[in-house]
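Here is the structure we will look at.
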Amino acid sequence: MRPPRVPPQPAARSAGWPVGLLVALCFTTLPLFLALSPGRPTLLDLWQQMGIRVTVHYDDETSPSEPSDPPPERETRDVLLGGLLSPDVDEASCRSRYLSSLHRAPSPHSPSPYLVSRLRKYEALHRRCGPGTPTYDKSVRQLASAHHSMGLAECTYLVWTPGNHLGDRVLSMASAFLYALLTRRVFLVDMARDMAGLFCEPFPGASWELPPGFPVQNLTRLRRGSERSYGSLLGAKKVSNEDPAGVRSESLPSYAYLHLAHDYQLPDQLFFCDDDQTVLGKVNWLVLRSDLYFAPGLFLVPQFEDELRWMFPAADTVFHHIGRYLFHPSNKVWRIIAGYYTSYMAKFDEKIGIQITTLAWNPVSAEAYFKQVTACTSQEKILPEVDPDAASTDYEAAATSKAVLVSSAQPEYAERLRSMYYEQATVTGESVSVLQQPGAGKQPQNQKVLVEMFLQSYCNVSVVSGWSTVGYVGHGLAGVKPWLLLPPPRNQTVASPPCVRATSMEPCFHAPPSYDCRAKKNGDLGAVLRYVRHCEDVDDGLKLFD
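In our numbering, the protein residues as written are 154 to 699.
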């Protein structure tokens, strides 16, 4: 076979002046053309496509301690997380969306193609039916004017309302969004005043915030036993689950309240039953309040099982994927996170996060708990032991450097650990630097907690207090299986063993239902499915395993 002919190349000298003229025309006429062409790519976009590196500084979004250039590894890292994130969000509006993952080791857990597809379809649904669209306005008008449903609408909605602590809120929001995905509902957030400015909008081209003027008043006052709660509607026989397939949408109320907080009881717990989900699927508006990570309970609903397994072939990656998709600190919060990480954490070979939460219902003295923490880190070889007869470690000569980020409302834990490693050398010769998260001054509480969760998520090793929802979020975003500090038995001061290695990185569902819908009686829901079992730190809790 004859080789293909190569077209003759023009002489370099004769081509030089046209090329120069073309370049000059591009750089002189393109700005005017682009300025007069709405909807076309910007000059910055074209330069970047041509391979020209342009660095933009945002005066209101940088701080002295935050690097002005992205980390060099960005060019080789998948900042869209295997398709989990859509590229259709402007980086300037949410810098953490594209930069946060660079502070973590690449995740070994890739999202399934089905999950990626479902997320793109959800984003299209939200743009079509979300706030500011004619469909949304029509649905709100119908909700305001009718006590009963006017038939199943084109778009249906799930409104999440906040609980108390930010850690609880993040976990319940992730669970609620997963429920919205499963039921093809538009997910809206009743953004509490103390959450304003914490997160970026996660959905491209649309808002997840419930607009003001929603016709259902005082959402935050909805509680167990409220007239419109699903349990109350069942009890008053305004809704029937005896023949779910025969229930007509027109016979149902215009909205129902789902109470899935820690104090819920039957019949609210019937939410996790197949027949009741069939009924709820015919209600146009659902309002949900929860302070729980109830995602494991969704796996117990037969009609959700197949789709959940398609979305999450590894069941213990649910929060890891949903959390990294949904939660991105705002630029204001990101300045604090990125500045602290760059200044204090980035230089260390290994980063160990210790998140300490004490439980009001099972108090332990600071002395006893500190001993438990050090017993855990010593026995499990997480931190090196110290030599009481040797002087402090030579930090410059140490072959390996470890940073320990201690997060706790009580600063004495970090202070005592820092003193221990500063005054005595380690037996291994490793250097150990104890860090404390930023939190001084007038930083709002929820902002401080969000910073804590994300800094903890940048650690390679995680040691967290059992029951801690803040700890769950940190190691869940990181994608690591934590060491759980077990609460001591009641009326005792020592836990034995001091900690256990979790076999799943998933958060724990602290208060699952006691009613087994399949058996139609109370039972052990930790024995129903292979991948839904009891938690290591909460005996009655449920957790997803792979």
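Beta carbons: idealized from backbone N, C-alpha and C, even for Gly.
As the structure is a prediction and not an experimental result, all values here were calculated from the model.
Between which two residues does the alpha helix (DSSP H) harbouring ALA631 extend? 622-631
Any idea if GLY285 is buried or exposed, counting beta-carbon neighbours within 10 angstroms, 16 or more meaning buried? exposed
The beta strand (DSSP E) enclosing TRP636, as first and last residue numbers: 636-638
Considering only residues of the same chain and omitting the five flanking positions on each side of SER483, which have a CB-CB separation below 7 Å? GLY350, LEU351, PHE352, CYS353
Let me confirm a value: LEU419 is counted as buried when at least 16 other C-beta atoms fall within 10 Å, else exposed. Which label applies? exposed
Please state if the CB of VAL432 and the CB of TYR363 are separated by a distance shorter than 8 Å. In the sequence as presented, Tyr is not what sits at residue 363; that position holds Leu. Contact: no.
Compare the beta carbon distance of PRO365 and LEU296 with 8 Å and say whether it is the shorter of the two. no
Taking the C-alpha atoms as reference points, what is the distance between TYR478 and GLN577? 43 Å
Determine the direct distance from the alpha carbon of LEU637 to that of ARG654, and round the result to whole angstroms. 6 Å
Could you tell me which whole beta strand (DSSP E) segments of length 3 or greater appear in the stretch 492-546? Those beta strand (DSSP E) runs which fall completely within the stretch 492-546 and span 3+ residues are 503-509.
So ALA448 and PHE424 are supposed to be a Cβ contact under 8 Å. How far apart are they, rounded? Not confirmed; about 13 Å, so no contact.
Confirm, please, whether the CB-CB distance from ILE509 to TYR566 is below 8 Å. Inclusion of TYR566 and ILE509 in the CB contact set at 8 Å is warranted, their separation being smaller than that value.
Grouping DSSP H, G and I as helix and E and B as strand, with all else coil, what is ASP321? ASP321 falls in the helix class under three-state DSSP.
Please report the straight-line C-alpha distance between SER360 and VAL342, rounded to a whole angstrom. 9 Å
DSSP-derived helix/strand/coil call for VAL159: In this prediction, VAL159 has a pLDDT of 37, which is less than 50 and means its spatial position is unreliable; what the coordinates show is noted afterwards. Three-state result, VAL159: coil.
TRP361 by DSSP, collapsed to three states: which one? Reduced to three states, the DSSP call for TRP361 is coil.
Compare the beta carbon distance of LEU570 and GLN609 with 8 Å and say whether it is the shorter of the two. no
For the structure I just gave you, are there three or more beta carbon pairs, one from the stretch 369-377 and one from the stretch 488-498, closer than 8 Å? Taking 8 Å as the limit for Cβ pairs, the verdict is that the stretch 488-498 does not touch the stretch 369-377.
Using only the alpha-carbon positions, how far apart do GLY627 and VAL517 sit? 23 Å
What three-state label does DSSP hand GLU219 in the structure shown? Here the model assigns GLU219 a pLDDT of 47, short of 50, so the residue's position is not dependable and the matter cannot be decided.
Once you ignore the five residues that flank ILE146 on each side, which residues in its own chain have a CB closer than 7 Å to its CB? Only positions 154 to 699 of the chain appear in this structure, which leaves residue 146 out of reach.
Less than 8 Å between the C-beta atoms of LEU386 and PRO357, yes or no? no
Is it buried or exposed for SER584, if we count other Cβ within 10 angstroms and need 16 for buried? The residue is buried, with at least 16 neighbouring Cβ atoms inside 10 Å.
To the nearest angstrom, report how far apart PRO287 and THR309 are at their CA atoms. Between the alpha carbons of PRO287 and THR309 lies a gap of roughly 14 Å.
Check whether the Cβ atoms of VAL323 and PHE480 sit closer than 8 Å, and answer yes or no. yes
Would you mind stating whether CYS661 and VAL691 have Cβ atoms separated by less than 8 Å? yes
Of all the options ASP677, ALA631, LYS674, SER618, which has the alpha carbon lying nearest to the alpha carbon of CYS652? SER618
DSSP three-state call for PHE447: helix, strand or coil? coil
Just how far apart, CA to CA, sit LYS391 and LYS595? 49 Å
Leaving out five residues on either side along the sequence, give the residues of the same chain with a beta carbon under 6 Å from the beta carbon of ARG686. GLY679, PHE698
Give the DSSP-derived three-state secondary structure of CYS652 in the structure shown. In this structure, CYS652 counts as strand in the three-state DSSP scheme.
Tell me, please, whether the stretch 399-414 touches the stretch 436-443 by the rule of three or more beta-carbon pairs shorter than 8 Å. yes
Would you kindly check if the distance between the Cβ of ALA664 and the Cβ of HIS412 is under 8 Å? no
Own chain residues within Cβ distance below 8 Å of ASN515, not counting five before or after: PRO640, PRO641, ARG643
Spell out the partners DSSP gives ALA556 in its beta bridges. LYS504, SER586
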